[in-house]
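Beneath this line is the structure, given in C-alpha cells, with notes to follow.
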Amino acid sequence: MTLNVSRRGFLKGATAAAAVLYIGARPDGALAAGTAPAHLNPFVKIDADGTVTAIVKHIEAGQGPATGLTTLIAEELGVKMEDIGFEFAPSNAELYGNLAFGGLQGTGGSTAMRNSFEQYRKAGAAAREMLIEAAAKTWEVPADQLTIEDGRIVGADITAPLGEFVAVASTLIAPESPRLKDPSEFKLIGNANVRRKDTPLKVNGTAKFGMDLHLDNQMVVVIKRTPRLGGAVASFDDSAAKDVKGFIRAVELPNNAGVAVYAEHTWAAFQARDVVEVDWDFSAAENRSSEEIREELMTAVNSDPQYDLSSHDRAVIATAIDNAATVVEETFYFPLLAHAPMEPLTCTVEPGADGGIVLHDGCQATSVVHEALAKTLELPAEKVQINTLFGGGSFGRRGSSTGDYQVEAALAYAMTDRTRPVKLVWSREDDITGGYYRPAFAHKVRVGLDADGNIVGWDHRIAGQSIARGSVWEQYVVRDGVDFWSIEGVQGTPYAIPNMCAGLTDTKKATMVLWWRSVGHTHTAYVMESMMDAVAKAAGRDPVEFRLAHLSGDEPVQKRMAGVLKLAAEKAGWGKAATGRSQGIAVHHSYHSYAAEVVEVSGDAENGIKIEKVTCAIDCGIAVNPDVVTAQMEGGIGYGIGHAMRDEITLTEGEVDQSNFPDYEPLRIGDIGAIEVHIVPSAEAPTGVGEPGTPPSAPALANAIAVNGPRVTHLPMLSNGVAFV
Amino acid sequence: MAISLKLNGQTHDVEAEAGTPLLWVIRDELKLTGTKFGCGVASCGACTVHLNGEPVRSCQTYVEDVDGAEITTIEGLNSSVSNAVQAAWTELDVVQCGYCQSGQIMSAIGLLSENPKPTVAEIDEYMSGNACRCATYQRIRAAIQRAAEIMET
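Chains as they are written, first to last, in the numbering used here: chain S, 1 to 725; chain F, 1001 to 1153.
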C-alpha cells in the first residue's frame, strides 16, 4: 500500500479532490481568514478555525466506517474524537479507490478497515507532521520539540490551536513516510469508550438517507415491474392513473425494467402505479417454480460435479468412504433470500452543470455506478458526480454489479427533458420481489470414519447459480470456470481433513442473484459446521474437542481458528448448560477474520425452540473500535439466525410468492434472548467485521437443536420441522 | 381536501387527498424526514409517530382521521421520557444504519410513558412490531432499561 503524498502524486490528487485547492496555490493567508477549507491530503480537511474533517471513502450503512476511519485520522493527527467530523468522499477512484478492489471505489467484502488502516493513519500522520513543521517555522523552533495533543500544537513552552498553522501547512510538501504511532501509543484505536460518530444524527432523526432527499422541483418515479424475470412490456394503459392527483406520466423503460410512473410526490406515484395496467410478454420469462429449481440442484449434487475443486481422485475417495466403518451423509438445501435493507432502495438524479448530473445515493459500488451512469446517459465520466448519503442498511444489496437501481433512475431521468431532478423510489414490495437474491444452493456431503472415529474420506458436492458469472467481477473471481463465491468456506477450509474432495456444478440462471452478507459463506459455513458436528457425534467425540483435533497445526489460520473456538466455548460454559437447555457451536474463517459462536437453546423442535443466548468470540486483528466490532457481531448473528429461522423467497411459475415483511418476516426483538461478544486481543492488522459474525450463527443454532432433536439440513428451519417460541 | 394538522406544537394547513397516509404528508409535504418509510403495511414500525401521545404507524394512519389531533414526530420530542430515551440510545450507541431508529425511539417512549419500569418480557412484547434489519435488538432492550434508570434519577 502506498499513499499519494509525494509532491507529484499529492498535487495531482489534490487537484482532483476538490474544486478548492489551496495547497501551494494560495499561501497568502486566505485560509487563515477562514474563507475556505484546506485539504492537507485527500483524507483530511482542516478549516482555518481548526475544524478537522475526515473524508470517509466507504459508505456508512451501519457497519461503522464513519467512526472507524475518522478514528484513524484523529489518532495519528492528535485530535479528540469529539473535535473531528466526517464527510463522505466524492466519486474519484484515483483518490478514494478500495485497495482491496484493485483501486475501484466501493465498499464490500468487509474491507473498509482492512484496506484503510495504514492509508488513513498515514494521512493523519502526514497532516500532523505538516502542521508541526508549519508551527516550527512560525515559531522558529525545532520541529522535534513540538507535538499535537488534543488539537493543539504543544512544546517549546508555547501552545496554540492547530488551526493557526493551517495556512502555512498548506504550503508545505506532504512527507513521503510520516512516522506512524506504535500501537503502544494508541489512545483512540482499540479504545472501547470511543463512541460512534453517527449516533447523534441517528438518534434525533436528522441523519440524511437517500430516501430523505427532497430537491426543489423533483419528480418521484416508481416502476411497475415485470412480475417474472425476463418479462417485457407488451403494452400498457395509464388512463386510470390520469385520475390520480399528482400523476405526471407513465413511460416504458428501455431496459425491460417495466413502466416508469412519474408523479409530483411519492404517494401519488404509488397510487398511480397501482392503476397502470400492463400486458406483459412472458415468452422469454422465467416460468419455473422453486420446486423445479430445487430438484435441479438436488439432481446436480447427486451427480458427478461439473468442476473438480481438488486434485484428489474422487473415485478413490468414494471407495474409501464406501469401505469406512461409519458413513455420515447429509444433503443440504438453502433457499433464495432477499437482503431487505431497512431503507427501501432509492436514489435521485439531479441535473448538474454543463449537461452533467449529480447522483444522490447511499452509494456502495461507487465506481461501478459512476461508469454505469456515464454510459447510460452517454456522458463523459467527469460530468457524473456522486453525492454519497447514509445507507439505510445494505447487506450487499446496494452494491449490485450493474448499479441496477441507479441505472433505472438514470433511464427515468433520460426520458424527461432533463430539467427536473428525478427521485426513484422502490417500495418494500419492489424490494422483496425484485430479485438480486442470495442464490439457492444445495450441498451433498459424504464422510467416512474408521473404527477409531477418524475421517478417512470427505466427498463434498456443491450446486448453485453463480453470482460472479456474467458480471464485471467474473474476471477477478471465476477461475477455470469455478466461481470462488460458490465454494469459499469449503475450498480452503482451515480444518485439516484427510482425503477431502469437493466439486461444483453451476446451475441455470433462475433469477437475478447477488452477494448477501458473507456471500458463499452463508451456505458453506452451515454445511461445514453441521457436518463437523454430525461427524463428531458419529465418532462419539465432543464437538469442540473434535474440531480442535482438526485445527492442531502451527499455521496462523489454524491457531487463530482454534483460539476463537476455545474462547467461545470457555465463555459460554461449554458442556455446562442448565437442565433443559442445549448448546451448539460453530466456527468459521471469513474475510480474514475468525468467529466462533455458541448458541444455547431451550424447548424442542415440535413445541418451539427458544434461543436463550449466543456467545461469540471474534478475532479480527486489532479491533479499531471494540464497541463497533461487538455491534457488528450482534448484528451479524441476528441477520444469520433470523433468516435461517424463517425466511425464504420462493417462486411459483416464475413469480415471487412473498411481497413484504408479513411473509418475509424479519428477526424480532424477542427472538434472541442475549448475545455476548468477546474480542481476541491482537496485534495483527485489522480484518473484516461486517460479515464474519454471520456464517457461524445459523449452524451453531442447528447444532444446538440437533443435540436432542432433528438435524436441520434444509432451510428455513420453520418450513422444515422446527417451531420457535 | 384541506386538513389542519397539529404537529410538533404547530398547526399546518395542508392539502391532501382523503386516504393519504399521514406518513407521506409528514415526509413529502412538511419535509420532516425523521419519520421513515419502511414497508407501508404497518409491519416494521419505521414510520411510528405519536398521535395524542400514543405511538401509531403513520403509514396506516389516514390524514382525514387526524384532523385536530396532536401529532409528534422525532423532530418534536421534548419530554423527560424522550430525553431519557435519546440519552440512553446515545450512551449505548444503539444505532447501526439508523434507518429504523426514529421509529424504535418513538415506540420506546410510548412504552416507558405507560410503564416506566418494564421487564424484559414487557419490552420484547411492546417492541415486537419495530423491525431492525441490522438486529440492534440487544442494545434497544438495554437502552430501554437504561432509560428507565435515567427516568428514576
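For every residue, glycine included, the Cβ atom is placed at its ideal position computed from N, Cα and C.
For methionine 531 of chain S, the enclosing alpha helix (DSSP H) begins and ends at 521 to 538.
Here threonine 67 of chain S is actually not in contact with valine 629 of chain S; their C-beta atoms are around 11 Å apart, not less than 8 Å. By the rule that beta-carbons nearer than 8 Å mark a contact, threonine 1048 of chain F does not touch chain S. Contact of lysine 1117 of chain F with chain S is not assigned, every C-beta pair being separated by 8 Å or more. Only buried fits glycine 435 of chain S, as 16 or more other CB atoms lie within 10 angstroms of its CB. A Cβ-Cβ distance of about 5 Å is found for the pair alanine 698 of chain S and tyrosine 526 of chain S, placing them in contact under the 8 Å criterion. Collapsing the DSSP output to three states places phenylalanine 334 of chain S in a strand. In the structure shown, tyrosine 476 of chain S adopts helical secondary structure according to DSSP, grouped into three states. When beta bridges are read from the DSSP output, glycine 1038 of chain F appears opposite no residue. Note on asparagine 41 of chain S: 16 or more other CB atoms within 10 angstroms of its CB, so buried under the neighbour-count rule. Using a Cβ distance threshold of 8 Å, leucine 514 of chain S and isoleucine 462 of chain S do not count as a contacting pair.
Under the 8 Å Cβ criterion, the stretch 341 to 361 of chain S counts as touching the stretch 375 to 392 of chain S, having at least three qualifying pairs. DSSP assignment within the stretch 665 to 716 of chain S yields the following whole alpha helix (DSSP H) runs of 4 residues or more, N-terminal first: 697 to 708. Excluding the 5 residues flanking it on each side, glutamate 665 of chain S has same chain C-beta neighbours closer than 6 Å at Arg646, in chain order. For isoleucine 1144 of chain F, the enclosing alpha helix (DSSP H) has its first and last residue at 1137 to 1152. For serine 427 of chain S, the chain F residues whose Cβ falls inside 9 Å of its Cβ are Phe1037, Cys1039 and Gly1040, in order along the chain.
With a cut-off of 8 Å on Cβ pairs, the stretch 130 to 143 of chain S is in contact with the stretch 168 to 178 of chain S, counting three or more such pairs. Taking a C-beta cut-off of 9 Å against chain F, the contacting residues of the stretch 319 to 344 of chain S are His339, Ala340, Pro341, Met342, Glu343 and Pro344, listed in chain order.
Counting only Cβ-Cβ distances below 7 Å, serine 1079 of chain F has no contacts in chain S at all, with the closest Cβ about 14 Å away.
Nearest in C-alpha terms to leucine 373 of chain S, of all of S:Ile386, S:Gly362 and S:Gln364, is S:Ile386. Residue state for serine 400 of chain S is assigned as coil, using DSSP reduced to three classes.
For proline 662 of chain S, at least one C-beta of chain F is nearer than 8 Å to its own C-beta.
At a cut-off of 4 residues, the continuous stretches assigned as alpha helix (DSSP H) that sit fully inside the stretch 1087 to 1135 of chain F are 1101 to 1114 and 1120 to 1126.
Here DSSP, grouped into helix, strand and coil, assigns cysteine 501 of chain S to strand. Secondary-structure assignment with DSSP links glycine 636 of chain S through no beta bridge to anything. With respect to chain S, the C-beta atom of tyrosine 1137 of chain F has a partner C-beta closer than 8 Å. Using a Cβ distance threshold of 8 Å, glycine 205 of chain S and glutamate 1054 of chain F do not count as a contacting pair. Interface annotation for the stretch 1004 to 1017 of chain F against chain S: Glu1017, criterion Cβ-Cβ distance under 7 Å. Secondary structure at glycine 355 of chain S: helix, using DSSP grouped into helix, strand and coil.
Per DSSP, the beta-bridge partners of lysine 613 of chain S are S:Glu600. Contact of tyrosine 262 of chain S with chain F is not assigned, every C-beta pair being separated by 8 Å or more. Chain order gives no chain F residues near asparagine 387 of chain S, where near means a beta carbon separation below 8 Å; the closest approach is about 16 Å. For glutamine 1060 of chain F, the closest Cβ of chain S is not nearer than 8 Å. Listed as beta-bridge partners of arginine 461 of chain S by DSSP are S:Lys444 and S:Gly503. At least one beta carbon of chain S lies nearer than 8 Å to the beta carbon of valine 1095 of chain F. 8 Å or more divides the Cβ of valine 722 of chain S from the Cβ of isoleucine 637 of chain S.
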